[in-house]
Amino acid sequence: MRRKLVVGNWKMVGTLARNKVLLEGVLAGVRDLRNADCAVCVPFPYLAQAQSLLQGSSIGWGAQNLSQHAEGAYTGEVCAGMLVDFGCKYAIVGHSERRNLYQESDEVVAAKFDTALKAGLQPILCVGETLAEREAGVTDEVVARQLDAVLNRAGVKALAKAVVAYEPVWAIGTGKTASPDQAQAVHAFIRQRVAKLDGQVAQGLCILYGGSVKAANAVELFSMPDIDGGLIGGASLIAEDFVAICRAGQK
Ligand code: 13P
Numbered sequence: 000m001r002r003k004l005v006v007g008n009w010k011m012v013g014t015l016a017r018n019k020v021l022l023e024g025v026l027a028g029v030r031d032l033r034n035a036d037c038a039v040c041v042p043f044p045y046l047a048q049a050q051s052l053l054q055g056s057s058i059g060w061g062a063q064n065l066s067q068h069a070e071g072a073y074t075g076e077v078c079a080g081m082l083v084d085f086g087c088k089y090a091i092v093g094h095s096e097r098r099n100l101y102q103e104s105d106e107v108v109a110a111k112f113d114t115a116l117k118a119g120l121q122p123i124l125c126v127g128e129t130l131a132e133r134e135a136g137v138t139d140e141v142v143a144r145q146l147d148a149v150l151n152r153a154g155v156k157a158l159a160k161a162v163v164a165y166e167p168v169w170a171i172g173t174g175k176t177a178s179p180d181q182a183q184a185v186h187a188f189i190r191q192r193v194a195k196l197d198g199q200v201a202q203g204l205c206i207l208y209g210g211s212v213k214a215a216n217a218v219e220l221f222s223m224p225d226i227d228g229g230l231i232g233g234a235s236l237i238a239e240d241f242v243a244i245c246r247a248g249q250k
């Protein structure tokens, strides 16, 4: 049976003081959590703080992005090796905000995935359709294209050391959650697509759902057979809410 994973994506939110209160609250709240994993993906400048507060605990930490390049003259960028230096376990790649606001193509996302994996990080690959794409009936097509870019570059075995997050763009930060059935259908589609290449990798693949997950809807979403946890935005900024979602992972 796959273990549930709940990851907070703080996005561009936080201060040293606020993060400390939040992380201490989460630490206290998940201390006795045994049957689910949780992690936070924080802004780059706060990785050192996450490392110092979370080291030795059961909570993992990671980044929200990284460069596809290993090192060099890329002003303003952060490479995988730097994330490893700060103890990161995870790196989110291909979040829809990066795809849409910073024009990251499927190919760039695949390169970032590959770079993260080669450095020993666990990439969390985000995929998902916009509202217009859902309404046009091309959700599967979009998700397949995003997934295939990574499969073609890194190979199916790479997914044994990665996480996939299905995040319908229309559900992000909108309060509009995909219904458990809607999410389950896409999760099953992703798993089947991977299974065509490698049944064992597909069976073990952790597929998170993201998009307006709250304490109130987490149990229902996480009870679906192909939903293995969540990638949480807004609700990960409130310790009590994030802890409740982590706890939903162990039900
Ligand atoms: P919300 O939970 O705020 O909808 O954000 C989801 C998300 O984008 C996580 O990566």
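By numbering that gives the first Met the number 0, the letter at position 141 of the sequence shown is numbered 140, and the numbering carries on one by one without gaps.
For glycine and all other residues, C-beta sits at the position ideal for the given N, C-alpha and C.
All values reported here derive from a predicted model rather than from experimental measurement.
Neighbourhood of residue i by C-beta, 8 Å cutoff - its chain only, sequence neighbours within 5 removed
i, result
"F112", "V92, G93, P122, L124, V149, R152, A153, A157 and A161"
"L196", "L150 and V155"
"Y73", "S66"
"G203", "R1 and A159"
Chain-order list of residues whose beta-carbon lies under 7 Å from that of residue i (same chain, five-residue window excluded)
i, result
"Y45", "G13 and N18"
"D227", "R1, K3, L4, C205, I206 and L207"
"G174", "S211"
"L116", "P122, A153, A157, K160 and A161"
"I244", "V5, V212, A214, A217, G229, I231 and A234"
Residue burial classification, residue i (beta-carbon count within 10 angstroms, cutoff 16)
i, result
"D31", "exposed"
"V20", "exposed"
"G59", "buried"
"G90", "It is worth fixing the name first, because residue 90 is Ala in this sequence and not Gly. So A90 counts as buried."
"L100", "exposed"
"S104", "exposed"
"N8", "buried"
"L146", "buried"
"A247", "buried"
"E239", "exposed"
"R133", "buried"
"L15", "exposed"
"N64", "buried"
"G172", "exposed"
"Q102", "exposed"
Residues near residue i by beta carbon distance below 6 Å, same chain, minus five either side
i, result
"L52", "L22"
"R251", "The chain is shown from 0 up to 250; residue 251 falls before or after that span and cannot be answered."
"V168", "S95, G127 and T129"
"V108", "V92 and G93"
Enclosing beta strand (DSSP E) for residue i [first to last residue]
i, result
"D113", "Not the beta strand (DSSP E): D113 falls in the alpha helix (DSSP H), residues D105 to K117."
"A72", "It is not in any beta strand (DSSP E) - A72 carries neither H nor E in the DSSP assignment."
"K10", "Neither: K10 is in no beta strand (DSSP E) and is coded neither H nor E."
"C245", "Not the beta strand (DSSP E): C245 falls in the alpha helix (DSSP H), residues A238 to A247."
"G203", "It is not in any beta strand (DSSP E) - G203 instead sits in the alpha helix (DSSP H) that spans G198 to G203."
"V39", "A35 to C40"
"L124", "Q121 to V126"
"A90", "Y89 to V92"
"K158", "A quick correction: the sequence has Leu, not Lys, at residue 158. Element bounds for L158: n/a, residue is neither H nor E."
N-terminal and C-terminal residue of the alpha helix (DSSP H) that residue i is part of
i, result
"V179", "A small fix is needed here, since residue 179 is Pro in this sequence, not Val. Segment P179 to A194, the alpha helix (DSSP H) holding P179."
"D147", "T138 to A153"
"L82", "A79 to D84"
"V218", "A214 to F221"
"L130", "L130 to E134"
*Between the stretch 169–181 and the stretch 213–230, do three or more beta carbon pairs fall short of 8 Å?*
yes
*Touching or not, the stretch 75–88 and the stretch 48–64, by the rule of three or more beta carbon pairs under 8 Å?*
yes
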